[in-house]
Amino acid sequence: MWLLISVHSCMVYELYIQVVCKESSVHIKWKVNKSMSGNPARLLLGNCFPSSFTNTSNGHAEAEFIYQLSDCQFRRMGTWKYLIYVNTLTHRPLPKPYPPTFTYPVRCVYDGPQGWTPFFQSPAQGHGELAFHMAILNYNFSGPAESNVFPLGSFIPIWAEVDQQAHQPLVLLLEECVATTTLEMYPDNLTYPLITNEGCLVDGKTTLSRFLPRYHSSSILLHLQAFRFAVGEEVYIHCKLIAWDPDDLNESRKACNYNKTTEAWELLDDPNKNRLCQCCDSTCKGRAKRDAESAPQGLVLKSVLGPLTITEDSLAIILFSFSYRCWILNWSH
1 MWLLISVHSC MVYELYIQVV CKESSVHIKW KVNKSMSGNP ARLLLGNCFP SSFTNTSNGH
61 AEAEFIYQLS DCQFRRMGTW KYLIYVNTLT HRPLPKPYPP TFTYPVRCVY DGPQGWTPFF
121 QSPAQGHGEL AFHMAILNYN FSGPAESNVF PLGSFIPIWA EVDQQAHQPL VLLLEECVAT
181 TTLEMYPDNL TYPLITNEGC LVDGKTTLSR FLPRYHSSSI LLHLQAFRFA VGEEVYIHCK
241 LIAWDPDDLN ESRKACNYNK TTEAWELLDD PNKNRLCQCC DSTCKGRAKR DAESAPQGLV
301 LKSVLGPLTI TEDSLAIILF SFSYRCWILN WSH
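For the sequence shown, full-length UniProt numbering puts the final residue at 333, and the numbers step up evenly by one.
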(Lines of atoms letter the chains of each structure in order from A; the text may use other names.)
(Lines give C-alpha, C1' and ligand atoms only; values in the text may rest on other atoms or scores of the structure.)
Protein backbone atom coordinates (compact mmCIF):
# COMPACT_ATOMS: atom_id res chain seq x y z
CA MET A 1 0.00 0.00 0.00
CA TRP A 2 1.29 3.45 -0.92
CA LEU A 3 1.72 6.03 1.83
CA LEU A 4 0.67 9.52 0.73
CA ILE A 5 3.09 12.27 1.71
CA SER A 6 2.07 15.14 -0.59
CA VAL A 7 -0.87 17.54 -0.26
CA HIS A 8 -0.49 21.21 -1.12
CA SER A 9 -2.16 24.41 -2.25
CA CYS A 10 -0.91 27.66 -3.72
CA MET A 11 -2.07 31.22 -4.43
CA VAL A 12 -0.60 32.59 -7.66
CA TYR A 13 -1.69 35.91 -9.18
CA GLU A 14 -5.26 35.67 -7.87
CA LEU A 15 -5.35 32.00 -8.91
CA TYR A 16 -6.00 29.53 -6.11
CA ILE A 17 -4.82 25.99 -6.80
CA GLN A 18 -5.36 23.10 -4.39
CA VAL A 19 -3.89 19.69 -5.12
CA VAL A 20 -4.99 16.66 -3.10
CA CYS A 21 -3.09 13.46 -3.88
CA LYS A 22 -4.95 10.28 -2.99
CA GLU A 23 -3.80 6.68 -3.09
CA SER A 24 -4.11 6.31 -6.86
CA SER A 25 -5.80 9.53 -7.97
CA VAL A 26 -5.59 13.29 -7.75
CA HIS A 27 -8.24 15.95 -7.00
CA ILE A 28 -7.38 19.50 -8.08
CA LYS A 29 -9.39 22.68 -7.54
CA TRP A 30 -8.27 25.59 -9.70
CA LYS A 31 -9.91 28.98 -9.19
CA VAL A 32 -9.24 31.14 -12.25
CA ASN A 33 -9.77 34.84 -12.90
CA LYS A 34 -11.78 36.46 -15.67
CA SER A 35 -8.97 36.26 -18.23
CA MET A 36 -8.98 32.44 -18.03
CA SER A 37 -12.66 31.69 -17.45
CA GLY A 38 -13.94 32.24 -20.98
CA ASN A 39 -13.27 28.75 -22.36
CA PRO A 40 -12.85 25.80 -19.95
CA ALA A 41 -11.46 23.67 -22.80
CA ARG A 42 -8.32 25.82 -22.63
CA LEU A 43 -7.62 24.69 -19.06
CA LEU A 44 -5.72 21.42 -19.02
CA LEU A 45 -4.14 18.91 -16.67
CA GLY A 46 -1.70 17.23 -19.01
CA ASN A 47 -4.06 16.38 -21.86
CA CYS A 48 -7.24 16.22 -19.72
CA PHE A 49 -10.05 18.76 -19.63
CA PRO A 50 -11.72 19.81 -16.35
CA SER A 51 -14.02 17.20 -14.80
CA SER A 52 -16.31 20.09 -13.85
CA PHE A 53 -16.35 23.85 -14.40
CA THR A 54 -18.38 26.37 -12.39
CA ASN A 55 -18.73 30.10 -13.00
CA THR A 56 -18.56 32.19 -9.82
CA SER A 57 -18.90 35.89 -9.04
CA ASN A 58 -17.08 38.72 -10.83
CA GLY A 59 -16.42 36.60 -13.90
CA HIS A 60 -14.22 34.18 -11.99
CA ALA A 61 -14.62 30.40 -12.20
CA GLU A 62 -13.51 27.15 -10.59
CA ALA A 63 -12.24 24.16 -12.53
CA GLU A 64 -12.00 20.73 -10.92
CA PHE A 65 -9.87 17.86 -12.13
CA ILE A 66 -10.53 14.40 -10.68
CA TYR A 67 -8.45 11.75 -12.40
CA GLN A 68 -6.46 8.59 -11.83
CA LEU A 69 -2.68 8.91 -11.79
CA SER A 70 -2.64 6.61 -14.80
CA ASP A 71 -4.53 9.26 -16.82
CA CYS A 72 -3.72 12.71 -18.23
CA GLN A 73 -0.13 11.84 -19.22
CA PHE A 74 1.11 11.76 -15.63
CA ARG A 75 4.79 10.81 -15.67
CA ARG A 76 6.05 8.37 -13.07
CA MET A 77 9.48 8.95 -11.58
CA GLY A 78 11.24 7.17 -8.79
CA THR A 79 13.99 7.30 -6.21
CA TRP A 80 15.09 4.60 -3.80
CA LYS A 81 12.69 6.07 -1.20
CA TYR A 82 9.81 7.63 -3.10
CA LEU A 83 7.51 7.16 -6.05
CA ILE A 84 6.64 10.48 -7.73
CA TYR A 85 3.92 11.36 -10.25
CA VAL A 86 4.32 14.68 -12.06
CA ASN A 87 2.14 16.66 -14.46
CA THR A 88 1.39 20.28 -15.40
CA LEU A 89 -1.67 22.51 -15.25
CA THR A 90 -1.75 24.83 -18.26
CA HIS A 91 -3.87 27.58 -19.72
CA ARG A 92 -3.72 27.61 -23.52
CA PRO A 93 -5.77 30.46 -25.01
CA LEU A 94 -4.50 29.42 -28.44
CA PRO A 95 -4.01 25.85 -29.73
CA LYS A 96 -0.61 24.29 -30.27
CA PRO A 97 2.01 25.14 -31.45
CA TYR A 98 1.34 28.36 -29.51
CA PRO A 99 2.77 28.12 -25.98
CA PRO A 100 0.63 28.22 -22.83
CA THR A 101 0.28 31.54 -21.02
CA PHE A 102 0.27 29.87 -17.60
CA THR A 103 1.77 26.66 -16.23
CA TYR A 104 1.76 25.17 -12.75
CA PRO A 105 3.59 21.96 -11.76
CA VAL A 106 1.59 19.17 -10.13
CA ARG A 107 3.46 16.58 -8.10
CA CYS A 108 2.25 13.67 -5.99
CA VAL A 109 4.92 12.02 -3.84
CA TYR A 110 4.49 8.66 -2.11
CA ASP A 111 6.62 6.48 0.11
CA GLY A 112 7.37 3.27 -1.71
CA PRO A 113 5.86 0.14 -0.14
CA GLN A 114 8.05 -2.22 1.82
CA GLY A 115 10.43 -4.08 -0.45
CA TRP A 116 9.87 -1.73 -3.40
CA THR A 117 12.81 -0.66 -5.55
CA PRO A 118 12.78 1.49 -8.68
CA PHE A 119 13.20 -0.12 -12.05
CA PHE A 120 16.68 1.07 -12.95
CA GLN A 121 18.25 -2.32 -12.30
CA SER A 122 17.98 -5.32 -14.54
CA PRO A 123 17.47 -8.50 -12.50
CA ALA A 124 20.35 -10.94 -12.39
CA GLN A 125 20.12 -13.72 -14.92
CA GLY A 126 21.86 -17.02 -14.33
CA HIS A 127 23.10 -19.42 -16.97
CA GLY A 128 24.99 -22.37 -15.61
CA GLU A 129 28.00 -21.00 -13.74
CA LEU A 130 27.37 -17.43 -14.95
CA ALA A 131 25.18 -14.71 -13.46
CA PHE A 132 24.69 -11.34 -15.16
CA HIS A 133 23.91 -7.99 -13.52
CA MET A 134 23.21 -4.55 -14.99
CA ALA A 135 22.21 -1.31 -13.27
CA ILE A 136 22.22 2.48 -13.35
CA LEU A 137 24.47 3.74 -10.56
CA ASN A 138 25.19 7.11 -8.94
CA TYR A 139 27.65 9.56 -10.48
CA ASN A 140 30.81 7.94 -9.05
CA PHE A 141 29.66 4.30 -9.39
CA SER A 142 29.72 3.82 -5.61
CA GLY A 143 26.09 2.75 -5.24
CA PRO A 144 22.68 2.63 -6.89
CA ALA A 145 21.25 5.71 -8.61
CA GLU A 146 19.21 7.87 -6.25
CA SER A 147 16.80 8.91 -9.00
CA ASN A 148 15.78 7.89 -12.50
CA VAL A 149 15.54 11.52 -13.66
CA PHE A 150 18.50 12.88 -15.65
CA PRO A 151 18.83 16.44 -16.99
CA LEU A 152 19.66 16.68 -20.68
CA GLY A 153 23.45 16.66 -21.01
CA SER A 154 24.11 15.06 -17.62
CA PHE A 155 25.58 11.58 -17.34
CA ILE A 156 23.86 8.25 -16.85
CA PRO A 157 26.37 5.86 -15.23
CA ILE A 158 25.69 2.30 -16.40
CA TRP A 159 27.41 -0.74 -14.91
CA ALA A 160 27.24 -4.35 -16.04
CA GLU A 161 29.02 -7.42 -14.76
CA VAL A 162 29.16 -11.15 -15.27
CA ASP A 163 29.76 -13.21 -12.13
CA GLN A 164 31.80 -16.03 -13.61
CA GLN A 165 32.63 -17.81 -10.32
CA ALA A 166 34.70 -20.89 -11.22
CA HIS A 167 34.51 -20.26 -14.95
CA GLN A 168 37.69 -19.40 -16.85
CA PRO A 169 38.25 -15.60 -17.30
CA LEU A 170 35.72 -13.81 -19.49
CA VAL A 171 35.42 -10.29 -20.84
CA LEU A 172 31.99 -8.61 -20.75
CA LEU A 173 30.98 -6.62 -23.83
CA LEU A 174 27.97 -4.49 -24.74
CA GLU A 175 27.28 -5.54 -28.29
CA GLU A 176 24.27 -3.30 -28.83
CA CYS A 177 22.24 -0.71 -26.89
CA VAL A 178 19.27 1.33 -28.11
CA ALA A 179 16.85 3.63 -26.31
CA THR A 180 13.11 3.44 -26.84
CA THR A 181 9.94 4.49 -25.03
CA THR A 182 8.63 0.97 -24.40
CA LEU A 183 9.65 -1.88 -22.13
CA GLU A 184 9.22 -4.32 -25.01
CA MET A 185 10.86 -3.86 -28.41
CA TYR A 186 8.54 -3.77 -31.42
CA PRO A 187 9.44 -3.54 -35.14
CA ASP A 188 7.85 -0.10 -35.53
CA ASN A 189 9.42 1.37 -32.35
CA LEU A 190 11.13 4.73 -32.61
CA THR A 191 14.65 4.10 -31.31
CA TYR A 192 17.79 6.06 -30.50
CA PRO A 193 20.99 4.09 -31.25
CA LEU A 194 23.66 4.14 -28.55
CA ILE A 195 25.90 1.16 -29.31
CA THR A 196 25.73 -0.48 -32.74
CA ASN A 197 27.90 -2.43 -35.16
CA GLU A 198 28.85 -5.02 -32.56
CA GLY A 199 30.37 -2.84 -29.85
CA CYS A 200 30.80 0.64 -31.38
CA LEU A 201 29.65 3.43 -29.04
CA VAL A 202 28.22 5.55 -31.87
CA ASP A 203 26.56 7.97 -29.46
CA GLY A 204 30.07 9.11 -28.53
CA LYS A 205 30.57 10.70 -31.96
CA THR A 206 28.11 13.48 -31.10
CA THR A 207 28.18 13.45 -27.27
CA LEU A 208 30.65 12.85 -24.44
CA SER A 209 29.50 9.26 -23.94
CA ARG A 210 32.32 6.76 -23.49
CA PHE A 211 33.34 3.45 -21.97
CA LEU A 212 35.48 3.97 -18.87
CA PRO A 213 38.64 1.95 -18.10
CA ARG A 214 37.77 -1.44 -16.65
CA TYR A 215 38.53 -2.40 -13.07
CA HIS A 216 38.02 -6.05 -14.09
CA SER A 217 37.51 -7.75 -17.44
CA SER A 218 34.22 -9.25 -16.24
CA SER A 219 32.64 -5.80 -15.79
CA ILE A 220 32.06 -2.78 -18.01
CA LEU A 221 31.35 0.87 -17.13
CA LEU A 222 29.54 3.17 -19.53
CA HIS A 223 29.20 6.92 -19.00
CA LEU A 224 26.22 7.75 -21.17
CA GLN A 225 25.44 11.42 -21.70
CA ALA A 226 21.70 12.06 -21.42
CA PHE A 227 20.48 12.44 -24.98
CA ARG A 228 17.70 14.37 -26.69
CA PHE A 229 15.20 11.59 -27.21
CA ALA A 230 11.65 11.46 -25.85
CA VAL A 231 12.44 14.30 -23.42
CA GLY A 232 10.03 14.21 -20.48
CA GLU A 233 8.79 10.70 -21.34
CA GLU A 234 9.70 7.30 -19.92
CA VAL A 235 12.72 5.85 -21.70
CA TYR A 236 14.06 2.29 -21.64
CA ILE A 237 17.57 1.21 -22.63
CA HIS A 238 17.69 -2.18 -24.33
CA CYS A 239 21.13 -3.81 -24.42
CA LYS A 240 22.65 -7.02 -25.70
CA LEU A 241 25.48 -8.30 -23.48
CA ILE A 242 28.01 -10.94 -24.36
CA ALA A 243 30.57 -12.78 -22.22
CA TRP A 244 33.56 -13.69 -24.35
CA ASP A 245 37.11 -15.03 -24.33
CA PRO A 246 39.35 -12.01 -23.51
CA ASP A 247 42.11 -13.41 -25.74
CA ASP A 248 39.87 -13.47 -28.78
CA LEU A 249 38.74 -9.87 -29.33
CA ASN A 250 37.89 -9.26 -32.98
CA GLU A 251 35.74 -7.03 -35.20
CA SER A 252 32.57 -8.65 -33.93
CA ARG A 253 33.65 -8.88 -30.28
CA LYS A 254 34.92 -5.51 -29.06
CA ALA A 255 34.21 -2.29 -27.13
CA CYS A 256 35.10 0.88 -29.06
CA ASN A 257 35.21 4.55 -28.05
CA TYR A 258 35.33 7.46 -30.48
CA ASN A 259 38.18 9.92 -29.86
CA LYS A 260 37.05 13.35 -31.03
CA THR A 261 40.59 14.77 -30.85
CA THR A 262 42.06 12.24 -33.26
CA GLU A 263 38.75 11.61 -35.02
CA ALA A 264 39.42 7.90 -34.76
CA TRP A 265 38.00 4.84 -33.03
CA GLU A 266 39.88 3.24 -30.14
CA LEU A 267 39.62 -0.21 -28.60
CA LEU A 268 38.83 0.02 -24.89
CA ASP A 269 40.85 -3.03 -23.88
CA ASP A 270 44.02 -2.67 -25.97
CA PRO A 271 45.03 0.52 -27.87
CA ASN A 272 47.49 -1.58 -29.88
CA LYS A 273 44.51 -3.25 -31.53
CA ASN A 274 42.57 -0.14 -32.52
CA ARG A 275 42.34 -1.62 -36.03
CA LEU A 276 39.49 -3.80 -34.73
CA CYS A 277 37.42 -0.61 -34.44
CA GLN A 278 38.13 0.75 -37.93
CA CYS A 279 34.94 -0.88 -39.19
CA CYS A 280 32.75 1.20 -36.84
CA ASP A 281 32.03 3.76 -39.57
CA SER A 282 31.07 1.06 -42.07
CA THR A 283 29.98 -2.51 -41.32
CA CYS A 284 31.71 -4.81 -38.86
CA LYS A 285 31.58 -8.34 -40.17
CA GLY A 286 31.85 -11.28 -37.83
CA ARG A 287 34.38 -13.91 -38.78
CA ALA A 288 33.63 -17.60 -39.09
CA LYS A 289 33.03 -19.45 -35.84
CA ARG A 290 35.97 -21.27 -34.39
CA ASP A 291 36.06 -24.87 -33.47
CA ALA A 292 33.79 -25.20 -30.45
CA GLU A 293 36.42 -27.30 -28.69
CA SER A 294 39.16 -24.65 -28.95
CA ALA A 295 37.46 -22.09 -26.67
CA PRO A 296 34.20 -21.56 -24.82
CA GLN A 297 31.39 -20.10 -26.87
CA GLY A 298 30.19 -16.62 -25.99
CA LEU A 299 26.97 -16.25 -24.05
CA VAL A 300 24.60 -13.53 -25.27
CA LEU A 301 21.90 -12.01 -23.07
CA LYS A 302 19.41 -9.20 -23.53
CA SER A 303 18.78 -6.75 -20.71
CA VAL A 304 16.54 -3.71 -20.20
CA LEU A 305 17.14 -0.70 -17.94
CA GLY A 306 14.39 1.76 -17.09
CA PRO A 307 12.21 3.57 -17.03
CA LEU A 308 14.30 6.71 -16.80
CA THR A 309 13.29 10.25 -17.70
CA ILE A 310 15.41 12.87 -19.44
CA THR A 311 14.45 16.46 -18.64
CA GLU A 312 15.41 19.91 -19.87
CA ASP A 313 16.68 21.57 -16.69
CA SER A 314 19.46 24.06 -17.41
CA LEU A 315 20.40 24.74 -13.77
CA ALA A 316 20.63 21.03 -12.98
CA ILE A 317 22.81 20.52 -16.05
CA ILE A 318 25.25 23.21 -14.88
CA LEU A 319 25.49 21.72 -11.37
CA PHE A 320 25.81 18.17 -12.66
CA SER A 321 28.46 19.13 -15.23
CA PHE A 322 30.56 20.77 -12.50
CA SER A 323 30.29 17.68 -10.27
CA TYR A 324 31.13 15.43 -13.21
CA ARG A 325 34.25 17.41 -14.15
CA CYS A 326 35.50 17.25 -10.57
CA TRP A 327 34.84 13.52 -10.38
CA ILE A 328 36.32 12.61 -13.78
CA LEU A 329 39.57 14.38 -12.84
CA ASN A 330 39.79 12.19 -9.75
CA TRP A 331 38.89 9.08 -11.77
CA SER A 332 41.61 9.73 -14.35
CA HIS A 333 44.21 10.03 -11.60
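Every residue, glycine too, gets a C-beta built ideally from N, C-alpha and C.
What ranges does the beta strand (DSSP E) occupy inside the segment 141 to 211, keeping only unbroken runs of at least 3 residues that lie completely in it?
Taking 3 residues as the shortest admissible run, the segment 141 to 211 contains the following complete beta strand (DSSP E) segments, listed from N- to C-terminal end: 149 to 151, 155 to 163, 171 to 180, 192 to 195.
Grouping DSSP H, G and I as helix and E and B as strand, with all else coil, what is residue 38?
Along the sequence shown, read from residue 1 onward, the residue named residue 38 stands at position 38. Secondary structure at residue 38: coil, using DSSP grouped into helix, strand and coil.
Identify every run of the alpha helix (DSSP H) within the segment 55 to 81, keeping only runs that are complete inside it and at least 4 residues long; order them along the chain.
Annotation: the segment 55 to 81 contains no complete segment of the alpha helix (DSSP H) (minimum length 4 residues).
Determine whether the beta carbon atoms of residue 145 and residue 237 lie at a separation below 7 Å.
Stepping through the sequence shown from its first residue, residue 145 is reached at position 145. Stepping through the sequence shown from its first residue, residue 237 is reached at position 237. It is not a contact, given that the beta carbons lie outside the stated cut-off.
For residue 221, the three-state DSSP class (helix, strand or coil):
What you label residue 221 is simply residue 221 of the sequence shown in a count that begins at 1. Of the three classes helix, strand and coil, the one that applies to residue 221 here is strand, per DSSP.
Taking the beta carbon of residue 254 as the centre, do at least 16 other beta carbons fall within 10 Å, making it buried, or is it exposed?
By 1-based counting over the sequence shown, the position of residue 254 is 254. By the C-beta density criterion, residue 254 is buried, having at least 16 other C-beta atoms within 10 angstroms.
Looking only at C-alpha atoms, which of 136, 91, 173 sits nearest to residue 216?
Here residue 216 refers to the residue found at position 216 of the sequence shown. With distances taken between Cα atoms, residue 216 lies closest to 173.
Output the distance between the C-alpha atoms of residue 266 and residue 285, rounded to the nearest integer angstrom.
By one-based count along the sequence shown, residue 266 stands at place 266. By one-based count along the sequence shown, residue 285 stands at place 285. Rounded to the nearest angstrom, the two C-alpha atoms are 17 Å apart.
If we count the other Cβ atoms within 10 Å of its Cβ and call it buried at 16 or more, is residue 154 buried or exposed?
Stepping through the sequence shown from its first residue, residue 154 is reached at position 154. Buried, since its Cβ has 16 or more Cβ neighbours within 10 Å.
Here's the rule I'm using: 16 or more other beta-carbon atoms within 10 Å means buried, otherwise exposed. How should residue 309 be labelled?
Counting from 1 along the sequence shown, the entry for residue 309 is found at position 309. Burial of residue 309 is indicated by the presence of at least 16 other C-beta atoms within 10 angstroms of its C-beta.
Need the endpoints of the beta strand (DSSP E) that residue 307 sits in, please.
Taking the first residue of the sequence shown as 1, we reach residue 307 at position 307. Where residue 307 is concerned, the enclosing beta strand (DSSP E) stretches over 299 to 311.
In terms of alpha-carbon separation, which member of 47, 34, 45 lies closest to residue 56?
As a first step, residue 56 must be located in the sequence shown, where it is residue number 56. The option with the nearest alpha carbon to residue 56 is 34.
Own chain partners of residue 37 with C-beta closer than 8 Å, once the 5 adjacent residues on each side are dropped
Within the sequence shown, residue 37 is the residue found at index 37, counting from 1. Listed in chain order, the non-local C-beta contacts of residue 37 below 8 Å within the same chain comprise 55, 59, 60, 61, local neighbours out to five positions each way being set aside.
Answer yes or no: do residue 263 and residue 218 have a C-beta to C-beta separation smaller than 7 Å?
Position 263 of the sequence shown, counted from the first residue, corresponds to residue 263. Position 218 of the sequence shown, counted from the first residue, corresponds to residue 218. No.
Are the beta-carbon atoms belonging to residue 87 and residue 102 less than 7 Å from one another?
For this step, residue 87 is matched to residue 87 along the sequence shown. For this step, residue 102 is matched to residue 102 along the sequence shown. With respect to the 7 Å criterion, residue 87 and residue 102 are not classified as neighbours on the basis of their beta carbons.
I'd like to know if the segment 244 to 260 and the segment 184 to 204 are in contact, where contact means that at least 3 CB-CB pairs between them fall below 8 Å.
They touch, by the three-pair rule.
What's the gap between the Cα of residue 235 and the Cα of residue 48?
Locating residue 235 in the sequence shown gives position 235, counting from the first residue. Locating residue 48 in the sequence shown gives position 48, counting from the first residue. Residue 235 and residue 48 have their alpha carbons spaced roughly 23 Å apart.
Please go through the same chain and pick out, in chain order, the residues whose beta-carbon is closer than 8 Å to the beta-carbon of residue 150, but skip the five residues on each side of it.
Here residue 150 corresponds to residue number 150 of the sequence shown, with the count starting at 1. The residues are 156, 226, 308, 309, 310, 311.
Length of the line joining the Cα atoms of residue 17 and residue 111
Here the question's residue 17 lines up with position 17 in the sequence shown. Here the question's residue 111 lines up with position 111 in the sequence shown. Taking the straight line joining both Cα atoms gives about 24 Å.
Quick check on the burial criterion: 16 or more other C-beta atoms within 10 angstroms. Buried or exposed for residue 197?
The residue you call residue 197 lines up with position 197 of the sequence shown. Residue environment: residue 197 is assigned as buried (16 or more neighbouring CB atoms within 10 Å of its CB, all protein chains considered).
CB residue 229 to CB residue 192, shorter than 7 Å?
Working through the sequence shown from its first residue, we reach residue 229 at position 229. Working through the sequence shown from its first residue, we reach residue 192 at position 192. Yes. Within cutoff.
If contacts are defined as beta-carbon pairs under 8 Å, then residue 67 and residue 24 qualify, I think. What distance do you get, rounded to the angstrom?
Along the sequence shown, read from residue 1 onward, the residue named residue 67 stands at position 67. Along the sequence shown, read from residue 1 onward, the residue named residue 24 stands at position 24. Not a contact, Cβ separation roughly 10 Å.
Which class does residue 271 belong to by DSSP, given the choice of helix, strand or coil?
As a position in the sequence shown, residue 271 is number 271, starting the count at 1. Residue state, collapsed to three classes: helix.
Which full runs of the alpha helix (DSSP H) of 4+ residues lie inside the segment 223 to 254, going along the chain?
You should have found no qualifying run.
Identified DSSP bridge partners for residue 262:
Counting from one through the sequence shown, the residue named residue 262 turns up at place 262. Paired residue(s): none; residue 262 is not in a bridge.
Could you tell me which of 239, 41, 42 sits nearest to residue 302, measuring between CA atoms?
Here residue 302 refers to the residue found at position 302 when the sequence shown is read from its first residue. With distances taken between Cα atoms, residue 302 lies closest to 239.
Enumerate in chain order the residues of its own chain whose CB-to-CB distance from residue 296 is below 6 Å, with the five nearest sequence positions on each side excluded.
What you label residue 296 is simply residue 296 of the sequence shown in a count that begins at 1. Annotation note: pLDDT 45 at residue 296 (below 50); position unreliable, no value reported.
Whole angstroms are fine: how far does the CA of residue 280 sit from the CA of residue 85?
Locating residue 85 in the sequence shown gives position 85, where the first residue counts as 1. Locating residue 280 in the sequence shown gives position 280, where the first residue counts as 1. Between the alpha carbons of residue 85 and residue 280 lies a gap of roughly 41 Å.
Assigned exposure category for residue 210 - 16 Cβ within 10 Å defines buried
Looking up residue 210 in the sequence shown gives position 210. By the neighbour-count criterion, in which 16 or more other beta carbons inside 10 Å mark a residue as buried, residue 210 falls on the buried side.
Does the distance from the C-beta atom of residue 233 to that of residue 199 stay below 7 Å?
Translated into positions along the sequence shown, residue 233 becomes position 233. Translated into positions along the sequence shown, residue 199 becomes position 199. For residue 233 and residue 199, no; Cβs fall outside 7 Å.
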